[in-house]
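In our numbering, the protein residues as written are 51 to 385. C-beta: ideal position from N, C-alpha, C; glycine also. Predicted, not measured: the structure shown is a model, and the values here were computed from it. The structure appears below as structure tokens.
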């Protein structure tokens, strides 16, 4: 196990380098000049001299290192992140890591709550659906979950805001931010209630798709397991159905959905970009979206690198959980 983990951790380094290189080249080749966008039309309006404006933009490009070839820019970026220095934002000249540390806890909070609720609800739903196969409840759940899975999150978010967030109908939930303006003055209990109330709609939008998919995978895994010979043997010995399901069948039924955990994390991180933008939640998703629009290369690269790292860690944890759930799998044998 230790050797396998060491090799997987070492493989993260070249993988991160490859992802960062591709991301770096793509954003550098994309249309738009960060220096020109930072200077904007204010230079021309105040100076009224196109030549002078061009000189200021060129000096800004030199300041950012944008006048150098792309390989040189990438090498400079690599040297800086070797010390975890992601540079300064082109937009406000703040250290990139300061901006990320402000936003990262919010995004992690959203995704951890969403991931927890997804598995908390999907596992019992999948078990119930499998043990009541072809019943009216199973058919209703199947149709409902497939409908949920097919709905795009941005559309659901818009509908929820319209009907439940102060549109033309009910104003039940806040539709922007993660807390009220006076939240800092509230007692701990009131502050926690206010925070959770703000998270209801965005967490729902991040959860329902994964819930629908994982519950169907859980149902399929449970159906496959309860048809095995050792389950028939357990029933023949006179064990109760509850004991058969939860003591003998559940562990092996969890194998398919455990392997999906590592793939669900990057999907949620990607989904949080849309949800955070719609609900104006100051997380990494919104920060990345704004950075792309403003061509803030250091912020885009930092967020991409961190997201890639979290994704690779998620895949590693998925393999570890798979080995723990399935004792027939040896990680050492996969080396």
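Cβ-based burial, residue 291 [other Cβ within 10 Å; buried from 16]
As a position in the chain shown, residue 291 is number 241, starting the count at 1. Classified as exposed, residue 291 has fewer than 16 neighbouring CB atoms from the shown chains inside 10 Å of its CB.
Three or more C-beta pairs closer than 8 Å, one from the stretch 119–129 and one from the stretch 143–150: is that the case here? Look at the beta carbons and you see the stretch 119–129 not touching the stretch 143–150: under three pairs across the two are nearer than 8 Å.
Just the C-alpha distance for residue 70 and residue 286, rounded to the nearest angstrom, thanks. Here the question's residue 70 lines up with position 20 in the chain shown. Here the question's residue 286 lines up with position 236 in the chain shown. Computed Cα separation, rounded: 57 Å.
(Q) So, at 8 Å on beta carbons, what are the nonlocal neighbours of residue 89 in its own chain, with the 5 sequence-adjacent residues on each side left out? (A) The residue labelled residue 89 in the question sits at position 39 within the chain shown. The beta carbon of residue 89 sits closer than 8 Å to the beta carbons of 103, 106, 107 and 110 from its chain, once the five residues preceding and following it are set aside; these are given in chain order.
Out of curiosity, what's the CA-to-CA distance linking residue 192 and residue 260?
Taking the first residue of the chain shown as position 1, residue 192 is located at position 142. Taking the first residue of the chain shown as position 1, residue 260 is located at position 210. In a straight line, the C-alpha of residue 192 is about 14 Å away from that of residue 260.
Legend entry - Neighbourhood of residue 180 by C-beta distance below 6 Å, restricted to the same chain and skipping five residues each side: Translated into positions along the chain shown, residue 180 becomes position 130. Counting only Cβ-Cβ distances below 6 Å, and skipping sequence neighbours, we find 269, 272 and 273.
task = Give me the Cα-Cα distance between residue 83 and residue 367, rounded to the nearest whole angstrom.
result = In the chain shown, residue 83 corresponds to position 33, counting from 1. In the chain shown, residue 367 corresponds to position 317, counting from 1. Rounded to the nearest angstrom, the two C-alpha atoms are 40 Å apart.
### Task
Indicate whether the contact test is met: 3 or more Cβ pairs, each with one atom in the stretch 335–345 and one in the stretch 230–237, closer than 8 Å.
Not touching, per the Cβ criterion.
Going by the beta-carbon positions, is the gap between residue 226 and residue 245 smaller than 8 Å? Taking the first residue of the chain shown as position 1, residue 226 is located at position 176. Taking the first residue of the chain shown as position 1, residue 245 is located at position 195. Their beta carbons are not under 8 Å apart, which means residue 226 does not touch residue 245 by this criterion.
If we ignore side chains and look at the alpha-carbon of each, how far apart do residue 86 and residue 129 end up?
Working through the chain shown from its first residue, we reach residue 86 at position 36. Working through the chain shown from its first residue, we reach residue 129 at position 79. Using only the alpha carbons, I get a separation of about 26 Å.
Are there three or more Cβ pairs, one per stretch, closer than 8 Å when the stretch 159–166 is compared with the stretch 246–266?
-> At 8 Å Cβ cutoff, the stretches touch.
inquiry  = For residue 361 and residue 153, what's the separation of their Cα atoms in angstroms?
reply    = By one-based count along the chain shown, residue 361 stands at place 311. By one-based count along the chain shown, residue 153 stands at place 103. Each residue's Cα considered, the two are about 18 Å apart.
query: Residues in its own chain within less than 8 Å of residue 372 by CB, not counting five upstream and five downstream?
result: Sequence index remark: in the chain shown, residue 372 carries index 322 (1-based). Counting only residues of its own chain and dropping the five nearest sequence neighbours on each side, residue 372 has a CB closer than 8 Å to the CB of 305, 308, 309 and 379.
_So for residue 138, helix, strand or coil by DSSP?_
As a position in the chain shown, residue 138 is number 88, starting the count at 1. In this structure, residue 138 counts as strand in the three-state DSSP scheme.
| task | Could you have a look at residue 64 and say whether DSSP puts it in helix, strand or coil? | result | Along the chain shown, one-based indexing puts residue 64 at 14. Here residue 64 sits in helix by DSSP.
* Quick one: what's got a C-beta closer than 8 Å to residue 60's C-beta in the same chain, skipping five residues either side? -> Your numbering for residue 60 matches position 10 in the chain shown. Excluding sequence neighbours, residue 60 sits near nothing in its chain.
Three-way DSSP call (helix, strand, coil) for residue 259 in this model: Numbered from 1 along the chain shown, position 209 holds the residue referred to as residue 259. Residue 259: helix per DSSP, three-state reduction.
Closest Cβ-Cβ distance between residue 154 and chain B: below 8 Å? Of the protein chains in this structure there is only one, and it is not chain B.
Can you give the Cα-Cα distance for residue 324 and residue 204, rounded to whole angstroms?
Locating residue 324 in the chain shown gives position 274, counting from the first residue. Locating residue 204 in the chain shown gives position 154, counting from the first residue. In this structure, the CA atom of residue 324 is about 7 Å from the CA atom of residue 204.
task = Report yes if the CB atom of residue 172 is closer than 8 Å to the CB atom of residue 264, and no otherwise.
result = The residue given as residue 172 occupies position 122 in the chain shown. The residue given as residue 264 occupies position 214 in the chain shown. Yes, the pair counts as a contact, with Cβ atoms nearer than the cut-off.
- Identify every residue that forms a DSSP beta bridge with residue 81. Residue 81 sits at position 31 when you count from the first residue of the chain shown. Note: residue 81 is not bridge-paired with any residue in the DSSP secondary-structure output.
Please go through the same chain and pick out, in chain order, the residues whose beta-carbon is closer than 7 Å to the beta-carbon of residue 199, but skip the five residues on each side of it.
Reading the chain shown from its first residue, position 149 is the one you call residue 199. Annotation for residue 199: 259, 262 and 263 place their beta carbon closer than 7 Å to its own, counting only its chain and skipping 5 residues before and after.
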